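In the numbering used here, the protein residues as written are 4 to 737.
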């Protein structure tokens with residue numbers, strides 16, 4: 004729903020406000036959330052309301068861009084016209100019959116007025132709330148149906164049942180159902196304390212709850228057989244857990260000793276960090292300047308990204324993630340979560356710990372969220388900001404004179420971590436000194452498991468522990484890029500590198516190849532192509548690079564990761580059309596932020612997502628364009644993923660392409676790190692030149708490094724004779 008025309012001092016960081024009014028991109032404060040709640044409550048006087056979320060409504064682009072231009076040009080004053088300060092309020096109106104009408108209001112918190120209101124159509128379901136998840140276990144305990152189902156199992160002494168609440172997934176085509184929640188069930192060995200891992204003891208049932216009435220409607224029994232059992236059910240005995248084993252991962256419960264040979268590795272910045280934070284949202288570092296946002300659905304978002312005074316991106320965010328499971332035995336076809344749309348990455352954000360989740364000199368950012376009464380609640384340390392060493396930035400050694408020039412690459416990292424039931428995801432935006440931006444995703448946590456009979460294996464997953472089948476699944480992410488390459492009129496180019504046929508006139512020896520660049524003029528999709536080096540260029544066709552005479556651009560190469568595997572006729576495929584192509588190019592519309600559409604929970608199909616946006620066939624050449632990159636991980640689990648999974652990492656590199664006239668990291672100083680020492684005790688600190696060669700016959704000889712011969716000037720004198728013996732190579736003797 005778009006809105007248009009509405010219009011600490013810590014480690015040396017400045018957080019003093021430049022204006023008495025919050026920046027239009029600043030996150031809502033607790034008083035502003037209070038105002039939004041009060042306005043909505045007053046407008047719905049006498050009605051019972053259940054609040055879901057209250058967060059900042061981003062201004063319409065047409066309203067915000069003039070303000071940002073005034074800000075960047077230094078013409079911003081207290082009198083400058085600015086977009087209205089808006090809050091989006093999401094809540095249920097509870098009827099006398101207990102029915103829920105999902106409703107949204109937009110409130111001008113400065114004017115204390117409701118400026119927009121809608122009751123959402125009944126055939127969609129909003130995201131699940133933490134309160135709804137928490138009610139699930141209570142509903143099960145109170146249900147005779149549940150008690151009867153548990154009594155079918157003979158659980159070992161000292162074991163208690165626990166439930167992971169899940170979205171219901173996609174209903175079957177013939178189903179017409181109210182709001183449902185399902186749960187995966189496990190048993191936990193209480194004798195080991197509250198931190199014992201319950202995932203090692205999966206139970207073969209899934210209860211289903213009517214979310215609004217908090218009543219169980221049925222309990223689905225699960226197939227536990229192996230390859231030989233196909234779709235057969237009821238193959239397990241009553242003592243279903245007897246062959247299962249413990250799967251502990253917290254240090255105090257491990258049956259193995261922790262390593263004792265790991266010595267400290269400290270990140271020390273004696274002069275503090277090189278970044279600056281203002282108003283808890285504006286971040287400046289090494290020519291970069293951007294605003295940090297945070298909302299319940301996307302988590303951390305980046306806005307108004309500039310480098311050295313030049314605009315690069317209007318907005319950057321992770322838009323969606325879907326996790327479809329590949330076990331065809333019903334009801335596992337409904338194990339299909341949209342973690343951003345069904346639950347919310349921001350709602351699931353961890354409270355990060357100093358020295359654990361982020362290392363070095365850290366700036367943390369809090370988020371203010373709303374509880375079920377609409378009251379503000381501070382979630383501490385949900386985003387961390389820090390610098391990290393990223394290895395060598397650039398280097399060259401001139402072996403004619405043994406001079407090495409080298410710089411270290413430093414990155415600024417904006418990171419948040421979410422826990423979604425069993426899985427953790429680490430999301431990081433990494434800025435570097437060469438004007439590059441990397442979006443990193445890491446998957447870790449515990450793989451989703453179900454029960455399997457003793458001594459059986461299954462084609463639908465891998466047995467990672469006795470009685471425990473980790474099901475095959477995919478993690479498919481969508482990144483939304485709203486480029487502003489020196490302005491908002493941009494063109495996307497598809498660039499491919501292709502072989503050039505051998506011919507006497509054009510390629511006589513067959514070694515040539517060609518680079519073909521094609522502008523995208525209509526909304527469309529593309530797929531990664533490693534065989535043609537498919538590159539996406541985000542270009543400003545109105546500004547040419549003074550050196551290359553090509554349009555200034557940023558580029559990325561989409562990863563050729565596997566896309567959605569579900570059959571095109573399946574409900575899974577209908578719900579996740581965004582996951583069928585690697586790149587989507589659409590025309591900008593206010594409020595069009597979500598690759599799978601606004602409402603994913605319990606959806607039958609994707610509505611209002613990127614596929615629908617592309618179907619509009621909009622003109623996107625020389626326009627305000629949005630690019631969506633889809634990437635993922637097909638996860639066929641291995642035993643090494645158990646009991647907790649080592650990280651699986653994906654990186655998307657967004658790099659300048661003819662945006663500058665030289666390497667933008669050329670001015671990074673090559674300073675020796677004085678804290679570094681040699682284990683042999685001969686660090687060579689007397690040498691002032693960073694990383695200068697230390698001699699030796701190979702290191703002294705330019706020819707052996709294929710750097711050509713010695714320099715010869717017209718008078719016949721050989722240059723580079725450093726030791727004066729006349730041979731010009733600096734090596735004593737001939």
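Cβ coordinates follow ideal geometry from the N, Cα and C atoms, glycine included. On a predicted model such as this, the values are computed, not experimentally measured, just so you know.
Under the assumption that residue i contacts residue j (Cβ atoms under 8 Å), give the Cβ distance between them as a whole number of angstroms.
i	j	result
residue 95	residue 52	7 Å
residue 510	residue 543	The Cβ separation is near 33 Å, so there is no contact.
residue 495	residue 525	Wrong, their Cβ atoms sit about 11 Å apart, outside the cutoff.
residue 413	residue 395	Their Cβ separation, rounded to whole angstroms, is 11 Å, which puts residue 413 and residue 395 out of contact at 8 Å.
residue 113	residue 86	The pair is not a contact, with the Cβ atoms about 11 Å apart (cut-off 8 Å).
residue 633	residue 582	6 Å
residue 250	residue 631	The Cβ separation is near 38 Å, so there is no contact.
residue 59	residue 90	6 Å
Name the one or two DSSP bridge partners that residue i has.
i	result
residue 332	Paired residue(s): none; residue 332 is not in a bridge.
residue 209	223
residue 408	399
residue 288	291
residue 310	291 and 313
residue 304	296
residue 97	51 and 103
residue 517	501
residue 635	479
residue 587	528 and 631
residue 381	371
Between which two residues does the alpha helix (DSSP H) harbouring residue i extend?
i	result
residue 253	It is not in any alpha helix (DSSP H) - residue 253 carries neither H nor E in the DSSP assignment.
residue 507	That residue, residue 507, is in no alpha helix (DSSP H); it is neither H nor E in DSSP.
residue 574	574-578
residue 44	33-46
residue 463	Residue 463 -> no alpha helix (DSSP H), and no H or E assigned at all.
residue 64	64-75
residue 559	That residue, residue 559, is in no alpha helix (DSSP H); its beta strand (DSSP E) goes 554-559.
residue 147	147-153
Drop a sphere of 10 angstroms on the beta-carbon of residue i, count the other beta-carbons inside from all chains shown, and report buried for 16 or more, exposed for fewer.
i	result
residue 698	Its pLDDT being 49, under 50, residue 698 is placed unreliably by the model, and nothing is read from it.
residue 266	exposed
residue 83	exposed
residue 304	buried
residue 198	exposed
residue 726	Because residue 726 carries a pLDDT of 49, less than 50, the predicted location of this residue cannot be relied on, and the following value inherits that uncertainty. Exposed.
residue 586	buried
residue 547	exposed
residue 191	buried
residue 210	buried
residue 515	exposed
residue 308	buried
residue 700	With a pLDDT of only 48 at residue 700, under the threshold of 50, the placement of this residue in the model should not be trusted; the figure read from the coordinates follows. It counts as exposed.
residue 761	Residue numbering for the chain in the displayed model covers 4 to 737; residue 761 lies beyond these limits and cannot be assessed.
residue 111	buried
residue 512	exposed
residue 384	buried
residue 380	exposed
residue 359	exposed
I need the boundaries of the beta strand (DSSP E) containing residue i, first residue and last residue.
i	result
residue 120	116-122
residue 479	476-486
residue 165	162-170
residue 445	440-448
residue 87	No beta strand (DSSP E) holds residue 87; DSSP gives it neither H nor E.
residue 185	183-192
residue 341	339-341
residue 435	426-435
residue 651	648-660
Stretch pair the stretch 148-157 + the stretch 236-251: three plus CB contacts closer than 8 Å: Output reads yes: the stretch 236-251 touches the stretch 148-157.
Stretch-stretch touch, CB-based, cutoff 8 Å, three pairs: the stretch 32-43 with the stretch 342-354: no
Three-pair Cβ contact test at 8 Å for the stretch 275-284 versus the stretch 361-375: Contact check between the stretch 275-284 and the stretch 361-375: three or more CB pairs, one atom from each, fall below 8 Å, which counts as touching.
Inter-stretch contact (C-beta, 8 Å, three-pair minimum) for the stretch 187-206 and the stretch 452-464: yes
Sufficient close CB pairs (3 or more, under 8 Å) joining the stretch 316-323 to the stretch 596-605: With a cut-off of 8 Å, the stretch 596-605 and the stretch 316-323 count as touching, because enough Cβ pairs lie within range.
Inter-stretch contact (C-beta, 8 Å, three-pair minimum) for the stretch 467-478 and the stretch 323-339: yes
The stretch 664-679 / the stretch 560-567 touching (three or more Cβ pairs under 8 Å): no
Stretch pair the stretch 602-622 + the stretch 134-151: three plus CB contacts closer than 8 Å: no
Stretch pair the stretch 438-447 + the stretch 650-662: three plus CB contacts closer than 8 Å: yes
Cβ pair count under 8 Å reaching 3, the stretch 454-470 against the stretch 611-625: no
Inter-stretch contact at 8 Å, needing at least 3 Cβ pairs: the stretch 561-579 / the stretch 292-300: no
Three-pair Cβ contact test at 8 Å for the stretch 164-179 versus the stretch 136-146: yes
Three-pair Cβ contact test at 8 Å for the stretch 618-629 versus the stretch 415-422: no
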